[in-house]
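Worksheet: one structure, shown below.
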Amino acid sequence: MSKTILSGDDLSKKYGDLEVVKHVSVSVDEGEFICLVGKSGCGKTTLLSLLSGLERATTGQVRYNGKNITTSSEDELALFRRENLGFIFQSFHLIPTLTAWENVALPLFPIKMSSDERRERAIELLEKMELEHRMEHLPSALSGGEKQRVAIARALINHPKILFADEPTGNLDSATGEAIMDILNKLHQEQGVAILMVTHEAELAKTADRLIRMHDGEIVS
Amino acid sequence: MNFHYLISELYYQRRRTVTAVAGLSIGIALLIILNSLSLAYRQAAHAPLQEIGADITVQRSGDVPKELSGIVFPCSAVTIKAAEIKKIEGLKGVRGVGRAVLLWVFQPQRAWIVLGIERHNNVGPSILRNAVVAGRFLKDGQPEALAEAAYARQFGIKVGDKISLAGKKYPVVGLVDASRATKIAVANLYLPLGEAQRLAAASAPIQTVSPFTAEDANLLFIKADEEKIPEIAATLKSMFGEKATIATPDSLLKLLGSLFALSDKFTLAASLIAILVAVLIAFKTMAGNIAERSQEIGVMKAVGWTNRNVVMQLVGESVIQCFVAGVLGVALGIIAAFGLSFMKVSIPIPWEMCPTPHFLPGGGDQIFKTLQLPVHVPLALAVFAIILSVVIGGLTGGLLGRNVSRIKPSEVLRHE
């Protein structure tokens, strides 16, 4: 039986009078691939933010390996994310003034280590993403698919236990999107990384171990 | 702080970097120029007094001579008693006092401006020993005279001639080019102080207007500690009254009338405005920069940068930019100072300090001391400007960084 590494219990999020996430409980097991689906505005991204510590819940608790992280400070949450989580965003969010390898190494910048070690680790991941020829390029010189592969490499630099992917193929054409999904599936299958992916494309969700449907801030199935 | 990231940011965002650096460097350059100019005017104003080895000159105003015949005092320089001189010598901050006696000698065929000088005192007109162009300087205990070179040329006076004053003959032992040495205390004839004192003490017109003994003087030159000059000048004003002529570098500076020469307060206010404008430009540019980078900062926080990491990175960028701006501003200031150092400034000498009677030819003309404005950037000012730039950078980066570190990644990273 797989161990639960992340759980959200009775999570709610209110913005003023608007309740975006309503008393949701969800758990992620080690190495599990979960797809969070639902219409735009149903609270998927907010739930992802609550579970990853990017956002604080109005009520409820988030536990990582049994430890309540809801009460952690901003800086504690930042360190928690650095050590345990990886993020992939729909809009890639690469730093425009850093080259591909520097973007991959961004989470390592605040850590005391040699520049060579950072570079080696970043290049190793870029090679896995078949982007070794692009490592000195700025994001402006990369295609959408290449940018997302750099973002995936950045998400993996700290060997995360869970990858949070928010519409990772949303800004890509279907062929490139499929290639990105192949990479995520491979990561899940070969490295056992747990993935919590938000998408509104039912086709992509088919590859997941588990599907969570949301509607109007609630889990419906 | 990651230096590699910092340099990449500044290099690839060149337009932003150049705007911030240019804005602040212009402000720093203005600060340097304003303060260097102010300092240069101050030094220039000191020049007329420094030429005679003094920081302050003192003259007491008195009554106009009843008759312009024989030996008289100018009304702007009447008796200063020996006891008063002794008191001045004892004032705190006074390093030396030079005495002189200025006389107008009216004879049927000629009028003389005569100055009695101390031969061995470095404070006062004895500095003329360096301006002897013919013959020699005055010797101790000799009743002899020096003639001013231009005056001697005009009236055909030569070394070896004898000049008669109040019935006593004085051999001319040398010619001095007083114009080369000073604009203050220029006379036609220079006598040993003792001789001039005796002539004044024996003069009935002087005794009726301003009683004088052979130990008194009517012109004092004071060397003083720089920081004590205003205090000493105020004491002298209270001793000799408001009508006395107490010349100090500050009083000469006021005569210049230039904005830079007017007051320290003007320079300070203008410097503060220059810095304030520079800080606002730097602040606005950096605030714009940070606002544009909110998503970038959101990513940094999402991938594990703490608030302190983010603030330190932004402070680093800001400090480096401002340091470069400071160095550039100092360089611009030095270039501008070099250009301004070719400027000439004419310092008006107050009429009371001009020994020529106003009713004689040239006596009513305003005398100026003209010199090249000694503009330079002191090392301390340059270092201060660079440190100030770095402090501005630190504060600006810190303040903006603190605000921006409160950004919630979930808000700025949410896709449209």
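For the protein sequence lines, the chains are C and Y, in the order given. If you're matching positions, the first sequence starts at 0 in numbering that gives the first Met the number 0 and goes up one per residue. If you're matching positions, the second sequence starts at 0 in numbering that gives the first Met the number 0 and goes up one per residue. For each residue, glycine too, the CB sits at the ideal point set by N, CA and C. None of these values were measured; they are calculated from a predicted model.
Alpha-carbon to alpha-carbon, residue j and residue i
i	j	result
ALA110 (chain Y)	SER250 (chain Y)	31 angstroms
GLU415 (chain Y)	ILE110 (chain C)	For GLU415 (chain Y), the predicted model reports a pLDDT of 47, less than 50, meaning its position is unreliable and no value from the coordinates is stated.
ILE218 (chain C)	LEU203 (chain C)	19 angstroms
VAL23 (chain C)	ALA152 (chain C)	31 angstroms
ARG118 (chain Y)	ILE385 (chain Y)	49 angstroms
TRP304 (chain Y)	HIS3 (chain Y)	16 angstroms
LEU36 (chain Y)	VAL374 (chain Y)	6 angstroms
ALA200 (chain Y)	ILE156 (chain Y)	27 angstroms
ALA335 (chain Y)	GLY315 (chain Y)	30 angstroms
VAL27 (chain C)	ILE319 (chain Y)	45 angstroms
GLU129 (chain C)	LEU171 (chain C)	18 angstroms
ILE70 (chain Y)	ARG197 (chain Y)	11 angstroms
LEU254 (chain Y)	LEU279 (chain Y)	36 angstroms
GLY328 (chain Y)	SER317 (chain Y)	16 angstroms
ASP215 (chain C)	LEU398 (chain Y)	40 angstroms
ALA140 (chain C)	SER90 (chain C)	16 angstroms
ARG94 (chain Y)	ASN120 (chain Y)	12 angstroms
GLN294 (chain Y)	VAL192 (chain C)	26 angstroms
GLY123 (chain Y)	LEU48 (chain Y)	9 angstroms
Bridge-paired residues (DSSP) for residue i
i	result
THR3 (chain C)	C:ASP28
LEU370 (chain Y)	Y:VAL344
LYS95 (chain C)	According to the sequence shown, residue 95 (chain C) is Pro rather than Lys. Beta-bridge pairing links PRO95 (chain C) to no other residue.
TYR11 (chain Y)	Bridge partners of TYR11 (chain Y): none, in fact.
VAL71 (chain Y)	Y:TRP103
VAL197 (chain C)	C:LEU35, C:ASP165
ALA246 (chain Y)	Y:THR56
SER209 (chain Y)	Partner(s): none; SER209 (chain Y) has no beta bridge.
TYR40 (chain Y)	DSSP, once it has assigned bridges, lists no residue as partnering TYR40 (chain Y).
ILE162 (chain Y)	Y:TYR169
GLU18 (chain C)	C:LYS13
GLN49 (chain Y)	Looking at the DSSP assignment, GLN49 (chain Y) forms no beta bridge with any residue, so it has no partner.
GLU147 (chain Y)	Y:VAL175
Residues that residue i contacts on chain D, provided the C-beta gap is smaller than 9 angstroms
i	result
GLU54 (chain C)	No chain D is part of this structure, whose protein chains are labelled C and Y.
Top-ranked residue by Cα proximity to residue i, from the options
i	options	result
VAL172 (chain Y)	Y:LYS161, Y:GLY166, Y:SER178, Y:ILE274	Y:LYS161
PHE220 (chain Y)	Y:PRO170, Y:ALA379, Y:ILE79	Y:ILE79
VAL104 (chain Y)	Y:PHE322, Y:LEU23, Y:ALA203, Y:GLY303	Y:ALA203
PRO106 (chain C)	Y:VAL185, Y:MET299, Y:PRO210	Y:MET299
LEU30 (chain Y)	Y:VAL276, Y:ALA149, Y:VAL309	Y:VAL276
GLU101 (chain C)	C:SER90, C:ILE87, C:ARG118	C:ARG118
GLU116 (chain C)	C:ASP74, C:ALA104, C:GLU29, C:SER220	C:ALA104
ASP54 (chain Y)	Y:SER60, Y:VAL63, Y:ALA44, Y:ASP62	Y:ALA44
ASN64 (chain C)	C:THR58, C:GLU82, C:SER6	C:SER6
ARG209 (chain C)	C:PRO138, C:MET134, C:PHE32, C:LEU17	C:PHE32
LYS66 (chain C)	C:CYS41, C:ARG55, C:PRO95, C:PHE79	C:PHE79
SER68 (chain Y)	Y:LEU370, Y:GLY61, Y:PRO107, Y:SER7	Y:PRO107
LEU164 (chain Y)	Y:GLY325, Y:LEU174, Y:GLU143	Y:GLU143
Counted within 10 angstroms of its Cβ, other Cβ atoms place residue i as buried (16 or more) or exposed
i	result
VAL113 (chain Y)	buried
ASN34 (chain Y)	buried
HIS132 (chain C)	exposed
LEU76 (chain C)	buried
ARG13 (chain Y)	exposed
ALA379 (chain Y)	exposed
ILE231 (chain Y)	buried
THR70 (chain C)	exposed
THR45 (chain C)	buried
LEU145 (chain Y)	buried
ALA246 (chain Y)	buried
HIS92 (chain C)	buried
LEU5 (chain Y)	buried
TYR14 (chain C)	exposed
Span of the beta strand (DSSP E) around residue i
i	result
ARG98 (chain Y)	93 to 105
HIS214 (chain C)	209 to 214
GLY65 (chain C)	Taken as a continuous stretch (DSSP letters only), GLY65 (chain C) belongs to no beta strand (DSSP E), as it is neither H nor E.
PHE337 (chain Y)	Premise fails: PHE337 (chain Y) lies in the alpha helix (DSSP H), 306 to 339, not in any beta strand (DSSP E).
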